[in-house]
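Undergrad:
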Amino acid sequence: MDVVTGHVGWIEVVCGPMFSGKSEELIRRLRRAMIARRRVQVFKPSIDVRYSNDEIVSHADTRMKSEVVDDAGQILTLTDPRTQVIGIDEANFLGPGLVEVAQTLADGGKQVIVAGLDTDYMGRPFAPLPDLLCLAESITKTLAICMRCGNPAKHTQRLVESDALIVVGASGLYEARCRRCFEPGIPAQEYLEFARPRIQARPDAPETGE
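Residue 60 in my numbering sits at position 64 of the sequence shown, and the numbers go up by one each step.
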């Protein structure tokens, strides 16, 4: 994270597939801001209760206390005017409204660090990350390791049968895949039999990320 002095706003985006260290990188940057004695607030969507109700948690179990919001608009309501750095995890759960929220915060002189998936289970751009990437001053693309061949992985492979955009889960429901091994859409039958008892899908739900 670049340290910006004065009241200059700033948007940073950390994006990539699941299991690529996005939340861990977000936490690292926020901790550095705290060491620099900057006022920090952290937010996560209420839908993400995989590891904790009120913490952002990486798949490696790195944790940081956070405030929980039901939608992007609540971030503006809950932000303390004295806050200098704002961290937002799982941006893909907060929808397109997060774009305007991030812009408003940055225009108000705050550093905004956002982490989330940039593509969905079909390999398509996953809102609101594409718009945030266009507006950000700093972008970090993280890669995982393909669970099939060991090459760098840019995709999140869904292992359960569902066409819902968001199915909340982690290992067992998803794995990282490279471009060659990625299979968009409904997975092969052998994965369905393994994962079906563990699915936690909402029919109207938007995917998950780290």
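Glycine included, every Cβ here is placed at the ideal spot set by N, Cα and C.
Quick check on the burial criterion: 16 or more other C-beta atoms within 10 angstroms. Buried or exposed for His151?
TA: Buried, by the Cβ-count rule.
Undergrad: From what residue to what residue does the alpha helix (DSSP H) around Gln80 run?
TA: Here Gln80 belongs to no alpha helix (DSSP H), and DSSP marks it neither H nor E.
Undergrad: What do you get for Ala56, buried or exposed, if any count of 16 or more other CB atoms within 10 angstroms of its CB means buried?
TA: Counting Cβ neighbours within 10 Å, Ala56 comes out exposed, since fewer than 16 surround it.
Undergrad: Look at the Cβ atom of Asp215, then the Cβ atom of Cys177, and state whether they are nearer than 7 Å.
TA: A question about residue 215 goes unanswered here, because the residues of the chain that appear run from -3 up to 206.
Undergrad: In the DSSP assignment, the alpha helix (DSSP H) including Thr100 goes from what residue to what residue?
TA: Start and end: 93 to 103.
Undergrad: Looking at Ala68 and Gly105, is the spacing between their C-beta atoms short of 7 Å?
TA: Against a cut-off of 7 Å, the Cβ pair of Ala68 and Gly105 comes out as no contact.
Undergrad: Buried or exposed: where does Asp85 fall if 16 or more other Cβ atoms within 10 Å of its Cβ makes it buried?
TA: The residue in question, Asp85, is buried, as its Cβ has 16 or more Cβ neighbours within 10 Å.
Undergrad: In the structure shown, what three-state DSSP assignment does Arg24 receive?
TA: The answer is helix: DSSP assigns Arg24 an H, G or I state.
Undergrad: At the level of alpha carbons, what is the spacing between Gln37 and Thr73?
TA: About 12 Å.
Undergrad: Which residue marks the beginning of the beta strand (DSSP E) containing Leu113, and which one marks its end?
TA: Taken as a continuous stretch (DSSP letters only), the beta strand (DSSP E) holding Leu113 covers 107 to 113.
Undergrad: Could you check the C-alpha separation between Thr136 and Phe39 for me, to the nearest Å?
TA: Going from the Cα of Thr136 to the Cα of Phe39 covers about 19 Å.
Undergrad: Closer than 6 Å to a non-hydrogen atom of the ligand HEM - does that hold for the CB of Gln107?
TA: Among the components of this structure there are no ligands whatsoever, and the ligand HEM is therefore not found.
Undergrad: Taking only three categories from DSSP, how would you classify Thr138?
TA: If DSSP states are grouped into helix, strand and coil, Thr138 belongs with coil.
Undergrad: Buried or exposed for Ser16, please, with buried defined as at least 16 other CB atoms from any protein chain shown within 10 angstroms of its CB.
TA: With 16 or more other Cβ atoms within 10 Å, it is buried.
Undergrad: Between Gln80 and Arg144, what straight-line distance do the alpha-carbon atoms span, to the nearest angstrom?
TA: If you take the alpha carbons of Gln80 and Arg144, they lie about 42 Å apart.
Undergrad: If I follow the unbroken alpha helix (DSSP H) through Pro41, where does it start and stop?
TA: Taken as a continuous stretch (DSSP letters only), Pro41 belongs to no alpha helix (DSSP H), being part of the beta strand (DSSP E) at 36 to 41.
Undergrad: Helix, strand or coil for Pro126, going by three-state DSSP, please let me know.
TA: It is helical.
Undergrad: Would you tell me roughly how many angstroms separate the C-alpha atoms of Pro13 and Ile52, rounded to the nearest one?
TA: Using only the alpha carbons, I get a separation of about 17 Å.
Undergrad: With burial defined as no fewer than 16 other Cβ atoms inside 10 Å of the residue's Cβ, what is the status of Met60: buried or exposed?
TA: Buried, by the Cβ-count rule.
Undergrad: Out of Val4, Ile141, Glu8, which has the shortest C-alpha to C-alpha gap to Asp127?
TA: For the residues Val4, Ile141, Glu8, the minimum Cα distance to Asp127 belongs to Glu8.
Undergrad: Cβ of Val65 within 7 Å of Cβ of Ile82?
TA: No, these two residues do not count as a Cβ contact at 7 Å.
Undergrad: Which partner residues of Ile7 appear in the DSSP bridge assignment?
TA: Answer is Val108, bridged to Ile7.
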